[in-house]
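Trainee: One line per chain: the protein sequences are F and S, in this order. Under our numbering, the first sequence has 910 at position 362, and the numbering climbs by one with no breaks. Under our numbering, the second sequence has 220 at position 124, and the numbering climbs by one with no breaks. Just so it is clear, CB atoms sit at the ideal spot from N, CA and C, and this is done for glycine as well. Below are the structure tokens for one structure; questions will follow.
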Amino acid sequence: MRRAFDFRMTTLSLAAVCLVGMAACGTSPNTGGGGGTLTIQGDAGNPTLVENFNPFAGSQLHGTFLIYEPLQIPSPVDGSYTSFLATGSKFTDPKTLVYTIRQGVKWSDGKDFTPADVVFTFNLLKKNAALDTKGVWQQITGVSASGNDVTINFSAANVPFALSIAQTPIVPQHLWSSMADPAKDPNTHPVGTGPFMLDSFAPTQYSLKKNSSYWQADKVAPSEVLFPAQASNQSTNQLDVVSGKFDWSYNFLPDVKTTFVNRDPAHNQYWFPPGGTIGLYLNLTKAPYSDVNFRKGLSMSLNRTTIATKAVNGYLDQASMSGLILPNLKKWLDPSLPNQGLVAQDPSGAQAAFAQAGYTMQGGKLVGRNGKQATMTIVMPGNFSDWVAAAKEVVQEVAAVGIAATLDLPQYAQYSQGIQAGTFDAAIGGYGGSGDPYTDFSLALSSTFAAPVNTPSANNFERFKDPAVDQALTTLASATDSSAQTQATYALEQEMYNKVPIVLMYYGGSWGLFSTAHFTGWPSASNPYTLPTNYNNSLLTVVTHITKK
Amino acid sequence: MRYVGRKAALFVITLWGAITLNFLLPRLMPGSPVDAALGKLASSGVVITNAQRQAVEIQLGVPHGSLVSQYGQYLNSIVHLNFGSSYSFPSETVAQTIGKAAPWTLALIGVTTIVAFIIGTLLGVYAGWRRGKTADTTVTLGATFFAAFPPFWLGLLLLFVFAFKYSVFPIKGGYSPGATPGLSPSFLADAVYHSIIPAVTLAVTTLSGWVFGMRNNMINTLGEDYVTFAEANGLRTRTVALLYAARNALLPNVTAFGLSLGAVVGGSVLVEGVFSYPGLGNLLYIAVSNHDFPLMQALFLVITVSMLVAIFIVDLIYVRLDPRVRQA
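Structure (structure tokens):
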């Protein structure tokens, strides 16, 4: 529905993985006093909102992100950290992570926040596996406090996993220790350390009021935040958005200059940065997709710019085959990759690669050594309209090189079963978007996820296995200095570019729509301190950045 | 009495069949509730991880038992009318969820169905009586015109013109954001205001069916000897039209009316969807798209039972309306 790929807004968005934060972009000047109401296009009401402020629930209301704070927020744009409940962090060795906890912070009920609350929160995830959506306890073995420090012990070196640790919302021990079932509790009287507190809840709108004792209250301009429920259908939401009811909304809009900006040119702004990558996944356990030359031929057959135009109105462009989202992660880009890893359509190059895989053009058909035409069934959820648009273009483009491709458009649940079991031919899927190259590459390419066919795996479902990739991932996981990190990341980019485990096609957008009528300082191309997603940690980052007009 | 007894037995057997289908059909859908929940995450741009999958599996507590044991639990829950809590709204019981949505659907769709039936039937009587005249042509053409509108499309159109372009009516919802449902006059006024476009949409698009049905029945009935006889006897036009022709022509429409009253409970998924109306149709859509077995089962049960009850009542009313049935 939201961030990257999808134009509809059919469902309430569960807690998005909160890989969101500030870039090192300098703090915006603050007027201090502030005040005023910030109206955010809120959660989807289905048909009405369900009161749930449990920060681990998955179905919590988005306002929860302004009530509880994590230790740090890594920017989903480039992975750089902004401090919240921790003032700093360092790896004393690749298996030991130490956070320095901020002092002088109070819970909104007046009690002191202490490092013991942090330890309690992580142990809560251990006791309630249902709350551990990031699999923290699959990576760590213990957590302990000493003075102002909290130490996390890893079972194996995994420096990049700090990203998930840092974003865990911290809850108060004095209230949560007596909760009967923290996994199911809707937490309707939330007490957090964040800039806002719950003010009122009604089935179609809830409001938060400013926490005046917030530790950086001077950086919070609004005195109140309103979250009116969204409609469950996309066209109504689009009408709501363009009629100017929100300071911050998140919606795909066709022809956004005419439909949105021109309705109030003095105030309406949009920013649609890349938030993820959409790729053509091939089942690497099946011939001919298991042949790297066939995959290269396929990659060169595609005109990615046309695909991006069809899929996302040209708001975003073709994706780099480096596996990095550009320009967000450009500081990690291997300069030796030709043309930043952008692969151009090259029919003769494609034919040459197909020939190496044993496929030649015969009478308009790409025929293999067995005398049969190459075929491909591409599966994707039928209601992800931009994926479908992209896939239709792919079918036409591969038809031009003689491959007979067809589309399979089931519901998401069936799609998900098929790709996880590894029974598909080809599938459209999302890649990356965490803001951290290790996380992106590891989830997509690590052989630890490459389960046998019919054993489900949500990650690396194309089932790529390559010792060089595993080696680079292991190196990156334990690297704490930047030159070692850079070299390992370059190696992963080269693997992605040369072995084509996924045919990356175009960037999915993050559809931020803003009004400067009441507040300014929204994230933008010139100040990309976070992605404009209004349903995850970006809420906290943005609310501590904007200033009253 | 034998007639009533036979109908009652049929009712019970049909009910059991329907209940069993309600159990089986949702489980025949490909994919699981966990996949559906992850699908929502995926569509928001999140790359799904195995850790997330495990956490969601535990959170939802999806049943792992065999189909037979699940069926046993299901029958047990029906007998005790205790459906537990749903996957979509875990903090309340299924009965509470349905209870909150039901009044909206019953009021909106129930009232529009009754209004559309009355107006449509009267127009049908009128058009049938004046068959071939200008009045008939106007009514029939008008009804054909509106019958061609898909309800959700007319809804979108009205929404765009009256809610967006001219801002006369609200764009979405059953009541204003921030209001708490209750029975205060101001809330009721707010709710009525929000229901106007959806009601007009439903009434206009369903009216035509009643008009056609009634008009055609009227024309058939008017050809009967007893109508000619009544006319020949010099009875007043209105008496012949309403008491002799319309009363007999009404019978098939009563059956259809009973069925559509039964269908009210299912709501109108598309229209409620267009207007984000907090009713049962919308709830059904959510239940299906979330693979929410507990909610789906309870909703389908409510829908089938109300349909069957409606049919049963129509059967009983027939005994009163049509003496020929009593002999059968």
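#1: Give me the residue from Ser761(F), Ile713(F), Gly611(F) and Gly845(F) with the minimum Cα distance to valine 949(F).
#2: Alpha carbon to alpha carbon, what distance is there between alanine 1025(F) and proline 708(F)?
#3: Is there a Cβ of chain S sitting closer than 8 Å to that of lysine 525(F), yes or no?
#4: Listed in chain order, which residues of the segment 583-605 of chain F have Cβ atoms closer than 8 Å to some Cβ of chain S?
#5: Return the chain-ordered ranges of every alpha helix (DSSP H) run that is complete within the segment 609-637 of chain F and spans a minimum of 4 residues.
#6: Report the residue from Arg311(S), Ile210(S) and Val296(S) whose alpha carbon sits nearest the alpha carbon of alanine 231(S).
#7: Would threonine 806(F) pass as an interface residue toward chain S - the criterion being a Cβ-Cβ separation below 8 Å?
#8: Nearest chain F C-beta to glutamine 192(S) closer than 8 Å, yes or no?
#9: Given a cut-off of 8 Å on the beta-carbon distance, is the pair phenylalanine 1062(F) and leucine 586(F) in contact?
#10: Cα-Cα, which of Gly636(F), Ala903(F) and Gly871(F) is closest to valine 891(F)?
#11: Specify, as a first and last residue, the run of the beta strand (DSSP E) that tyrosine 945(F) falls within.
#12: From what residue to what residue does the beta strand (DSSP E) around threonine 954(F) run?
#13: Any idea if glutamine 169(S) is buried or exposed, counting beta-carbon neighbours within 10 angstroms, 16 or more meaning buried?
#14: Output yes if chain F places a C-beta closer than 8 Å to the C-beta of alanine 359(S); else output no.
#15: Tell me whether threonine 716(F) is buried or exposed, calling it buried when 16 or more other Cβ atoms sit within 10 Å of its Cβ.
#16: Closer than 8 Å by beta-carbon distance: list the chain F residues that pair up with tyrosine 271(S), in chain order.
#17: Quick one: give me the first and last residue of the alpha helix (DSSP H) that phenylalanine 1062(F) is part of.
#18: On the criterion of 16 or more Cβ atoms from any shown chain inside 10 Å, does serine 755(F) qualify as buried, or is it exposed?
#19: Distance check for alanine 105(S) and leucine 111(S), CA to CA, integer angstroms please.
#20: In chain order, which continuous runs of the alpha helix (DSSP H) of length 4 or greater are located wholly inside the segment 137-171 of chain S?
#21: Cβ of alanine 326(S) within 7 Å of any heavy atom in the ligand ZN?
#22: Can you find the residues in the same chain that come closer than 6 Å, C-beta to C-beta, to threonine 882(F), ignoring five residues on each side of it along the sequence?
#23: Mind reading off the beta-carbon distance from glycine 978(F) to isoleucine 873(F)? Whole number of angstroms is fine, and I expect it under 8 Å.
#24: Using C-beta distances below 6 Å, list every residue in its chain close to threonine 240(S), excluding the 5 sequence neighbours before and after it, in chain order.
#25: Excluding the 5 residues flanking alanine 383(S) on each side, which residues of the same chain have their C-beta closer than 8 Å to its C-beta?
#26: Secondary structure at valine 565(F), three-state DSSP: helix, strand or coil?
#27: What is the DSSP secondary structure of alanine 693(F), counted as helix, strand or coil?
#28: Interface residues of chain F around proline 390(S) at Cβ under 8 Å?
#29: Go ahead and pull the three-state DSSP assignment for glutamate 188(S).
#30: Look at the alpha carbon of aspartate 697(F) and the alpha carbon of threonine 648(F), and state the distance between them as a whole number of angstroms.
#31: From serine 576(F) to leucine 774(F), what distance separates their C-alpha atoms?
#32: Can you tell me where the beta strand (DSSP E) with methionine 392(S) in it begins and where it stops?
#33: Curious, which full-length alpha helix (DSSP H) runs of at least 4 residues does the segment 734-804 of chain F contain?
#34: Between the alpha carbons of glycine 224(S) and alanine 975(F), how many angstroms are there, rounded?
#35: Within 10 Å of its beta-carbon, does arginine 334(S) have 16 or more other beta-carbons around it, so buried, or fewer, so exposed?
#36: Are three or more beta carbon pairs between the segment 963-975 of chain F and the segment 824-831 of chain F nearer than 8 Å?
Mentor: The answer reads as follows:
#1: What you label residue 949(F) is simply residue 401 of the first sequence in a count that begins at 1. Closest option to valine 949(F), judged by alpha-carbon separation, among Ser761(F), Ile713(F), Gly611(F) and Gly845(F): Gly845(F).
#2: Mapped onto the first sequence, residue 708(F) falls at position 160. Mapped onto the first sequence, residue 1025(F) falls at position 477. Their backbone Cα atoms lie some 6 Å apart in a straight line.
#3: With chain F represented from 549 up to 1097, any question about residue 525(F) goes unanswered, as that position is not in the structure.
#4: Answer set for the segment 583-605 of chain F: Gly593, Asn594, Pro595, Thr596, Val598, Glu599, Asn600 and Ala605.
#5: As far as the segment 609-637 of chain F is concerned, its whole alpha helix (DSSP H) runs of at least 4 residues are 612-615.
#6: In the second sequence, counting from the first residue as 1, residue 231(S) sits at position 135. Residue Arg311(S) is the option with its Cα nearest to alanine 231(S).
#7: By one-based count along the first sequence, residue 806(F) stands at place 258. No - not a single Cβ of chain S is within 8 Å of the one on threonine 806(F).
#8: Taking the first residue of the second sequence as 1, we reach residue 192(S) at position 96. Not an interface residue.
#9: What you label residue 1062(F) is simply residue 514 of the first sequence in a count that begins at 1. What you label residue 586(F) is simply residue 38 of the first sequence in a count that begins at 1. Result no, Cβ atoms of phenylalanine 1062(F) and leucine 586(F) do not sit closer than 8 Å.
#10: Position 343 of the first sequence, counting from 1, holds the residue named residue 891(F). If we check each option's Cα against that of valine 891(F), Gly871(F) comes out closest.
#11: To locate residue 945(F), count along the first sequence from 1; it is residue 397. Strictly speaking, residue 945(F) in this sequence is glutamate, with tyrosine absent from that position. Note, glutamate 945(F): premise wrong, no beta strand (DSSP E); alpha helix (DSSP H) at 933-948.
#12: Locating residue 954(F) in the first sequence gives position 406, counting from the first residue. Start and end: 952-956.
#13: Sequence index remark: in the second sequence, residue 169(S) carries index 73 (1-based). Glutamine 169(S) is exposed by the Cβ-count criterion.
#14: Here residue 359(S) is taken as the residue at index 263 of the second sequence, counted from 1. False, the Cβ-Cβ gap to chain F never drops below 8 Å.
#15: In the first sequence, counting from the first residue as 1, residue 716(F) sits at position 168. Result: buried.
#16: Along the second sequence, one-based indexing puts residue 271(S) at 175. By Cβ distance, chain F contributes Thr752.
#17: Translated into the one-based positions of the first sequence, residue 1062(F) becomes position 514. Run containing phenylalanine 1062(F): none in the alpha helix (DSSP H); it sits in the beta strand (DSSP E), 1060-1063.
#18: Here residue 755(F) refers to the residue found at position 207 when the first sequence is read from its first residue. Serine 755(F) is buried by the Cβ-count criterion.
#19: Position 15 of the second sequence holds residue 111(S). Position 9 of the second sequence holds residue 105(S). Straight-line Cα distance between these residues: approximately 10 Å.
#20: 146-156
#21: Among the components modelled here there is no ligand, and therefore nothing to report on the ligand ZN.
#22: What you label residue 882(F) is simply residue 334 of the first sequence in a count that begins at 1. Contrary to the premise, residue 882(F) reads as aspartate rather than threonine in this sequence. Take aspartate 882(F), set aside five residues on each side of it, and the residues of its chain with a beta-carbon closer than 6 Å to its own are Tyr1038 and Glu1041, in chain order.
#23: Within the first sequence, the letter at position 430 stands for residue 978(F). Within the first sequence, the letter at position 325 stands for residue 873(F). At roughly 11 Å, the Cβ-Cβ gap does not stay under 8 Å, so glycine 978(F) and isoleucine 873(F) are not in contact.
#24: One-based indexing of the second sequence puts residue 240(S) at position 144. Answer for threonine 240(S): no residue qualifies.
#25: Reading the second sequence from its first residue, position 287 is the one you call residue 383(S). So the qualifying residues of the chain are Ser182, Ser184, Leu391, Met392 and Leu395.
#26: On the first sequence, position 17 is the one that residue 565(F) refers to. Legend: pLDDT at valine 565(F) = 27, less than 50; position of this residue unreliable, value from coordinates given subsequently. DSSP places valine 565(F) in coil when its eight states are reduced to three.
#27: Counted from its first residue, the first sequence places residue 693(F) at position 145. Strand, per DSSP.
#28: Within the second sequence, numbered from 1, the residue matching residue 390(S) stands at position 294. The contacting residues do not exist; proline 390(S) stays about 14 Å from chain F at best.
#29: In the second sequence, residue 188(S) corresponds to position 92, counting from 1. Of the three classes helix, strand and coil, the one that applies to glutamate 188(S) here is coil, per DSSP.
#30: Within the first sequence, the letter at position 149 stands for residue 697(F). Within the first sequence, the letter at position 100 stands for residue 648(F). In this model, aspartate 697(F) and threonine 648(F) are separated by some 5 Å (Cα to Cα).
#31: As a working note, residue 576(F) is residue 28 in the first sequence. As a working note, residue 774(F) is residue 226 in the first sequence. Residue placement at serine 576(F) cannot be trusted, given a pLDDT of 36 that sits under 50; what the coordinates show is reported in the next sentence. Cα-Cα distance, rounded: 23 Å.
#32: In the second sequence, counting from the first residue as 1, residue 392(S) sits at position 296. No beta strand (DSSP E) contains methionine 392(S), which is instead part of the alpha helix (DSSP H) from 389-417.
#33: 782-790
#34: Counting from 1 along the second sequence, the entry for residue 224(S) is found at position 128. Counting from 1 along the first sequence, the entry for residue 975(F) is found at position 427. Cα-Cα distance, rounded: 58 Å.
#35: In the second sequence, counting from the first residue as 1, residue 334(S) sits at position 238. Flag for arginine 334(S) reads exposed.
#36: yes
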